[in-house]
Amino acid sequence: MTPVMRKIAGTMAAAIEENFDSEGARLGARWKPSRRAIKQGDKTLQDTERLAGSMVTRVTRNSAEVGTNVEYGPIHQFGGTIRQNAQSRLQGFKVNKKTGQSRFAKRGKANFEQWTSRGAYTINMPKRPFLGLNADDERAIVDTIQTALARDLKT
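In short: position in the sequence shown from 1, add 5, done, that's the numbering used here.
Below, the structure is given as C-alpha cells:
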C-alpha cells in the first residue's frame, strides 16, 4: 500500500498548497486578512512563505500524513490568544544628523541607548486553517484507494 499512501500524501500536500493560494477559500471561508497583508496589499500567512514551505509528508505502509514543524503553525491553524508579558530593555537609538530625529538602531550602530518599557498585552489570533481537505480532495483520495483495490483484486 505504500505507493498508494505516497499518492494520497501528494494529494493532501497539493490541497494544502491550494489552501494557501486561495487563503482558505477552497475550504469554505476565506481567512480573515492579517494587518500586514492589508497594509502591503499581499496575501495572509504568506509574508516569508516559511509556513507554506514547511509542509512535510510522512508515509507508512498504512498511513499518509501532512503537517508542519513550524512552531507558530498551531496558533494559525486553530486560533487562540497570545499573552505577552511586560518587558523592559536597553534600546539603541541613532540620531539623524540632518533632521535631528531618533530612530531605533542595532547596538553597534546606535549613537545612544536608553531603557524602554512596554506593558503586558494580548493578541487574539483568528483561526486560519490551512491543513484541511475539501470534498473534491476527499473524492480524489477515495478514487486513489478504489483504483488500487480494483487493481489488486485483478492480480
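Positions of the beta carbon are idealized from the N, C-alpha and C atoms, including for glycine.
Everything numeric in this text was worked out from a predicted model, so none of it was measured.
Under the three-state DSSP convention, the category residue i falls into
{"i": "Leu95", "result": "strand"}
{"i": "Ala110", "result": "coil"}
{"i": "Arg63", "result": "strand"}
{"i": "Gly72", "result": "strand"}
{"i": "Gln89", "result": "strand"}
{"i": "Thr127", "result": "strand"}
Best match in the options for proximity to residue i [C-alpha to C-alpha]
{"i": "Phe117", "options": "Leu32, Gly29, Val100, Thr7", "result": "Val100"}
{"i": "Arg94", "options": "Trp120, Gln82, Gly113", "result": "Trp120"}
{"i": "Ile85", "options": "Thr152, Arg133, Leu154", "result": "Rather than Ile, the amino acid found at residue 85 in this sequence is Gly. Checked all of Thr152, Arg133, Leu154; the closest Cα to Gly85 is Arg133."}
{"i": "Lys114", "options": "Thr65, Thr104, Gly97", "result": "Gly97"}
{"i": "His5", "options": "Leu56, Thr62, Arg66", "result": "There is no way to answer for residue 5, as the model of the chain reaches only from 6 to 160."}
{"i": "Arg31", "options": "Ala14, Gly15, Phe135", "result": "Phe135"}
{"i": "Met10", "options": "Asp157, Lys44, Ala153", "result": "Ala153"}
{"i": "Thr62", "options": "Ile13, Phe109, Ala140, Leu158", "result": "Ile13"}
Between the CA atoms of residue j and residue i - distance to the nearest angstrom
{"i": "Pro8", "j": "Val75", "result": "27 Å"}
{"i": "Gln89", "j": "Arg123", "result": "10 Å"}
{"i": "Lys111", "j": "Lys102", "result": "17 Å"}
{"i": "Ile87", "j": "Met17", "result": "29 Å"}
{"i": "Asp142", "j": "Ala20", "result": "7 Å"}
{"i": "Gly137", "j": "Gly33", "result": "11 Å"}
Burial state of residue i (16 or more Cβ within 10 Å)
{"i": "Asn24", "result": "buried"}
{"i": "Thr127", "result": "exposed"}
Limits of the unbroken alpha helix (DSSP H) element including residue i
{"i": "Asn24", "result": "7 to 26"}
Residue i, enclosing beta strand (DSSP E) - first and last residue
{"i": "Gly84", "result": "Taken as a continuous stretch (DSSP letters only), Gly84 belongs to no beta strand (DSSP E), as it is neither H nor E."}
{"i": "Gln119", "result": "117 to 123"}
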